[in-house]
Each structure stands twice: as C-alpha cells, then as structure tokens.
Amino acid sequence: MIALIRNEVMKMLWKKKMPLILGLLLIFVSLLSYGQNYAYERNIEQFEAESGTAAFNWEGLTTQRLSELEERSQNEFIPEEVRASIDREIEQLNYFIENDINPVTPTAAKFNVSFAEQGIILFIPLLIAILAADLVSNEFSRKTIKILLTRAVPRWKILLSKYIALLIMTTLLVFIIGLTTTLVSYLFFQEWGFSEPIVTGFTLFEGTLNSDSTILIPRYQYTLLIYSLVWFVSIIVASITLLISVIVDTSASAIGILMAALIGGQFLQFFLSDWELVKYFFVTNLDLTRYLTGSYQPVEGMSLNFSITILSVWAIGSIAISFIVFNRRDVLV
Amino acid sequence: MDTSVLKVSDLQKEIQKKLIIKGVSFDIRAGEIVGFLGPNGSGKTTTLRMLVGLSKPTAGNIEICGHSLKKEFVKAMANVGCIIEGPDLYDYMSGYRNLELLGSMSKGVTKKDIDEAVALVGMENRIHDKVAVYSMGMKQRIGLAQALIHKPKLLILDEPTNGLDPQGIHEFREIVKNLAREKNISVLVSSHLISEVQLMCDRVSIINDGRIIRSASIDDVLVTGEVVWILDDPKRAQSILRESFDLDPSIDGCHLRASVDSGMLSEINKTLIASGFDITYVENKKRTLEDLFLALTEKHTI
Chain P
1391 MIALIRNEVM KMLWKKKMPL ILGLLLIFVS LLSYGQNYAY ERNIEQFEAE
1441 SGTAAFNWEG LTTQRLSELE ERSQNEFIPE EVRASIDREI EQLNYFIEND
1491 INPVTPTAAK FNVSFAEQGI ILFIPLLIAI LAADLVSNEF SRKTIKILLT
1541 RAVPRWKILL SKYIALLIMT TLLVFIIGLT TTLVSYLFFQ EWGFSEPIVT
1591 GFTLFEGTLN SDSTILIPRY QYTLLIYSLV WFVSIIVASI TLLISVIVDT
1641 SASAIGILMA ALIGGQFLQF FLSDWELVKY FFVTNLDLTR YLTGSYQPVE
1691 GMSLNFSITI LSVWAIGSIA ISFIVFNRRD VLV
Chain E
11 MDTSVLKVSD LQKEIQKKLI IKGVSFDIRA GEIVGFLGPN GSGKTTTLRM
61 LVGLSKPTAG NIEICGHSLK KEFVKAMANV GCIIEGPDLY DYMSGYRNLE
111 LLGSMSKGVT KKDIDEAVAL VGMENRIHDK VAVYSMGMKQ RIGLAQALIH
161 KPKLLILDEP TNGLDPQGIH EFREIVKNLA REKNISVLVS SHLISEVQLM
211 CDRVSIINDG RIIRSASIDD VLVTGEVVWI LDDPKRAQSI LRESFDLDPS
261 IDGCHLRASV DSGMLSEINK TLIASGFDIT YVENKKRTLE DLFLALTEKH
311 TI
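Chains P and E, in that order, are what the protein sequence lines are.
For what it's worth, our numbering labels the leading residue of the first sequence as 1391, then goes sequentially.
For what it's worth, our numbering labels the leading residue of the second sequence as 11, then goes sequentially.
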C-alpha cells in the first residue's frame, strides 16, 4: 500500500503540477502584498498631507480611540456582552500602545489570514482542482488505466492510494500557501506581527469551536485556526474533485465541472439566498472563515457547525460514490 | 504439463443490452502459444479485457492458474502480464521509471527483474529517455517488458504487432516464441493478421460474432486431407489407388490428387514405389489459414 501511495505521489510530482501551482501563488501573492503595501504608504502620505503634520501620528489616534472606548465602558446602561467586547478592544489597543506598534500596519500575519479568507471560496479550490482533477480522468484519457488495473492489486486499493496521495499533496499545498503568503508578504511589509492580539468571536473550547464570547488571542493562534479551516475545506474540495475525476473522462471537463459548480454556487447564493435548498449545496458552505469574523449567515439558519456538517456529508458521499463507480466501471479505453 | 494455465468457460458479455460475447470457452496449457483470430468487431478485445479484469463478464467463469478471476482477483492477476490495445505508458516519465512504478505494484519485483526484462526486449540504450520521445516500436518493447517484470505464467497480448515494421514484427515474434519455449510461459495473442498467427502460434481459436467457431492446432486446421503426387504414369496410379486403397483420385495434368487419411499416406507411397512408379513429388496439401478464415467468417456481417 505504501508503495502504491508513493507511486501516486511520484506521478503527481512528475506531472509538474506543483511548480505550476507555486508559480501562480507567487505571482498573486507578490502582486497583492505589493499592492497592499503601496496602498498603505499612500494612505499615510495622504494623511500627512491633509493633517499638515510632518509625521504620521498613529499614537495620538489610537489613544483617542482608547479613551472613547473607556468612556463607553464606564457607561452603566450598556449591556454586559457589549461591555465585554469593548473591554477586549481596550485590552488590544493597550497592547499596541505598550509595544509601540501601529495597529493598522500591514503585517505578514494579517496578510496570510486575509489571503486565506479571500481565497477559500474560489482561488484555493481552484488550485486543489488543478491538483486533483486529472487524478483518475487522466489515466483514462491517456489509457494508462489499463496497465494500472491489470496488476495484482484490487481496484479499491488503487483508488485509495490515489486518494491518500491526494490528501498528502493537498495538505502540503495548504502548508505551501501559508508559507508563501507569510514569507512573500514579509519581504514587502518587514513586519511579522504574529504576537499581536486579535479579537475574535471564537475560542477552541474543549476541542469544539465556541462562539459565545469574544476573546483576545495572539495572531499566530488565529492564523493556525484559519489555516486549519482552509485545510478542512481543501480536503472537502479534493474529495469532491476526486468524484468528478472518476466520473468524467478528461481532466479538462473535470476542472470545467468544478469551476462551473464553484461559480454557479456563488450565483445561487447571491440570487436565491432565501431559498432553503441553497444552503445544502457545498459551495454555499465553503466560506468557513467568515463565521469567525462576525455574525455571518450566507443563508438564514446557517452556522459554522452546520456548514462543517454539510461539507463532511458531501465529502463522504463523494468518496463513497467514487469507490462504487470506480470498482464497477468497465474499462473500455 | 497438462494443467490449464487459463480456463475460460461460457463467457458472456452484454454491453448496452446487446450480447457481444455469446458464450466463449477455451483453455490454454503451459508453454502453449494460442492465437485468437477474428475480424474487427468480432469480440477479440472485449474477451481479452474480461480475461485481465478490465471489464466484468455478464456470465461465465475465468480461471487463471486455478484461481477464479472473480473471487481471487489478486492471486489470479499475479500470474498475468498483458498488453491490451497498444502499449500505453506514462509518457512524462522515462521507460525505466514506468517499469519501476509498475514493478512496485507486484510482490517481489527486484531491480534485477526489471533489468532482465529491459535486456530481453533490447531497450538498454534508450531506457532512461522519456517515453514521450519513444517510437511506436520502442513503446511496444517497453509494453512487453512491463508485462514481463513480475514473471507471469500467462501473457495476454492484444494485437501486439500493430504499428511495428517488418523487422520489429520478426523480433517481437522471436521474443515471444523464446519465452514460451524457455520459460514455459503460455501466450494468448489476438490478431487479425493471419500470417502472424500462422508463424507464431501452436493453436488457433477463430472467433467471429462473439463465438468461437473453430479451435484447433494450427496443423489440424490447415490440413485438408488432400494429397498431390507428381509421377510418371498418373493413369495407372489412379487405378491402383482405386483398387488397393478404395480411394477416388482425380487427374489434373500430371498431378494426381486424392483425399487421404494422413496415417495411410506412407503405406500408399510404399505400394506406389513397389509398383515401379517414378515419384517426383508428394505433398500433403495445406490450405492457407486465410482461405479457412475467409470461408468461416465471410457469411457474417458485423
């Protein structure tokens, strides 16, 4: 089995998909971080020009905001939850002032998170599709499936080895995305920012995500949290792509179908967000990271747990159908 | 050895509600080369696909070295090497990597086995080039090598000489014949090329329209039972054969023809020589496989 998995990983590497994906990533990440840095510097210049001060005084602004918040916190009439979240923000701002950090400076830790948040619904699934779409369909279109299936190995083992190889490569890809976004953006921003505190509505509480109260966590924890969600989504997308790849004969149609599903899903969500059925479509549920940033509900009645359940059902269903179809299929190429 | 390496009984296959293979049965013994002859669309490839587990029979049984293909797929397939419809390899890798990769899928294939297979098909010089730059002939050789690396007892070759030049066909044939002779490997080779089957095989099964219509050794198939003599006095010989052997010979110029049971032939010749005939030529007339093939298949349309 290990030999089979190694073979499949080798095939994926030999097809030179990874350099292509890495190239795409580098281009996009460089452009985005350059753009962000440029916009930030323009903002400061503009501010300096308007306020007439020689240097951009972020400390003054932050202190001003801090005293505003403290004033509100003193107010006896605001509800307890609101006061709690105000207190978190006060705590956060205090950290920035104490450590002499401008809160709005772009950092590598902020960039990799926002890249993941933006990419999770389209860009990252697309990269996964490049990796996964030809996994089985290519063997059919190149007819190599014949030499693969006439070995003394049962068919389910061959598909399983392909799936495990895909999971390995997907995991590697998520690592690479995290690493590239962090390193490339650091080159532009010259700030890591991993220990800065961030307010989030979520905590990992005894192994489950708890959304009841806001809490202050360091950036690196938040990054890990976001990337584990990205990893989860990637695994789901990989599993669904596997199914498409088993069913269709060419990798081009496999990528095409997945693209159509992803983009069509966004349309559905946009136009028919009050239609109950839309929330059971996997594309509607891909945007897991947005649940962390506030009271996000793409369709009425959706929550993080709901989305995770729906995605898991899609993935497990896809894998099950893939194995059944692959096992039964007559190879006529 | 009299054990069957491959035993096929009453194999049927239905594709899109149409019965394509209508009950095919045959078996192959160790070291035997069997030709599977049939026109295009007769069901050769469909049958072979079922033999190597690429498609599932609608009914019937396949046993390879005593293992049922359906129930003991892994054990059965461990004894099979095959090329089905052209040598399709991973063309983004070198020939050697292809063999390594496929070898690792079978138990106990060593680097030595791979090197041996490469040497056998004579590809040592180009084995590390990418498959994408190979010629058809080279791919066919690697195709044969991949079928041999795990030392199978049964080799199934589907139209293996398609796209080869005459030299390549000759070499390929010699390699396969040697394998059968020296390593006692059984070979099932399908073809629509009659000469190829005639030169390579011990036995032939002729398939048409999903049925095996004739299955016999090449010699049996070709013998017509007709003997031709060329001798000095055909008229007198004719009467002797009539009287002594109860035959009905005909005269055609200086040729004397008769339907003779091959066991009787030497007895007849002795009598003829004893009677003082000057025999210049005797032939146990063979018909060409082509004639037989056309005679058997002409009535059917695809």
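Each residue gets a CB set at the ideal place from its N, CA and C atoms; glycine is no exception.
Assuming contact is defined by CB atoms lying nearer than 8 Å, are residue i and residue j in contact in what I supplied?
i, j, result
"P:V1721", "P:I1417", "no"
"E:L58", "E:I94", "yes"
"E:S116", "E:I137", "no"
"P:F1579", "P:N1433", "no"
"E:E181", "E:S201", "no"
"P:I1605", "P:L1517", "no"
"E:S65", "E:N218", "no"
"E:R224", "E:K32", "no"
"P:I1647", "P:N1675", "no"
"E:V15", "E:C75", "yes"
Is DSSP giving residue i helix, strand or coil here?
i, result
"P:T1631", "helix"
"P:I1637", "helix"
"E:E236", "strand"
"E:A190", "helix"
"P:I1706", "helix"
"E:K121", "helix"
"E:R285", "Going by the sequence as given, residue 285 of chain E is Ser instead of Arg. Looking at E:S285 - three-state DSSP - the assignment turns out to be coil, as it is neither helix nor strand."
"P:V1399", "helix"
"E:H160", "coil"
"E:F46", "strand"
"P:I1666", "One detail in the question is off: residue 1666 of chain P reads as Glu in this sequence, not Ile. The answer is helix: DSSP assigns P:E1666 an H, G or I state."
"E:V197", "strand"
"E:N218", "strand"
"E:K80", "coil"
"E:A268", "strand"
"P:T1674", "helix"
"P:Y1553", "helix"
"E:V15", "strand"
"P:T1497", "coil"
"E:R213", "strand"
So what does residue i bridge to, in DSSP terms?
i, result
"E:A69", "E:Q22"
"P:P1724", "No answer is possible for residue 1724 of chain P: it lies beyond the span of chain P, which begins at 1391 and ends at 1723."
"E:G91", "E:L165"
"E:D262", "E:H265"
"E:V292", "E:W239"
"E:R224", "E:I216"
Distance check for residue j and residue i, CA to CA, integer angstroms please.
i, j, result
"P:V1450", "P:F1486", "Note that residue 1450 of chain P is Gly in the sequence shown, not Val. Looking at the two C-alpha atoms, the distance is approximately 12 Å."
"E:I312", "E:G286", "In this predicted model, E:I312 has a pLDDT of only 46, less than 50, meaning its place in the structure is not dependable enough to derive any value."
"E:V237", "E:L158", "43 Å"
"P:I1637", "P:S1475", "50 Å"
"P:G1597", "P:I1698", "For P:G1597, the predicted model reports a pLDDT of 48, less than 50, meaning its position is unreliable; a value from the coordinates is still stated below. Roughly 14 Å between the two C-alpha positions."
"P:I1510", "P:F1661", "20 Å"
"P:P1409", "E:A88", "37 Å"
"E:G91", "E:L304", "31 Å"
"P:A1705", "P:N1465", "49 Å"
"E:T13", "E:I72", "15 Å"
"P:L1512", "P:D1639", "24 Å"
"P:F1672", "P:I1607", "30 Å"
"P:V1419", "P:A1499", "14 Å"
"E:I240", "E:S269", "15 Å"
"E:S35", "P:T1631", "41 Å"
"P:W1404", "E:K54", "35 Å"
"P:D1524", "E:T298", "49 Å"
"P:V1399", "P:I1634", "20 Å"
"E:I216", "E:V233", "16 Å"
"E:T5", "E:Q22", "The first residue shown for chain E is 11 and the last is 312, placing residue 5 of chain E beyond what the model contains."
"P:R1541", "P:I1554", "19 Å"
Using the beta-carbon count (16 or more within 10 Å), is residue i buried or exposed?
i, result
"P:T1613", "buried"
"P:I1567", "buried"
"P:T1453", "exposed"
"P:F1716", "buried"
"P:F1726", "Here chain P has residues from 1391 to 1723 only, and residue 1726 of chain P is not among them."
"P:M1391", "exposed"
"E:I195", "buried"
"P:V1472", "exposed"
"E:Y144", "buried"
"P:R1478", "buried"
"E:Q150", "buried"
"E:C211", "buried"
"P:G1655", "buried"
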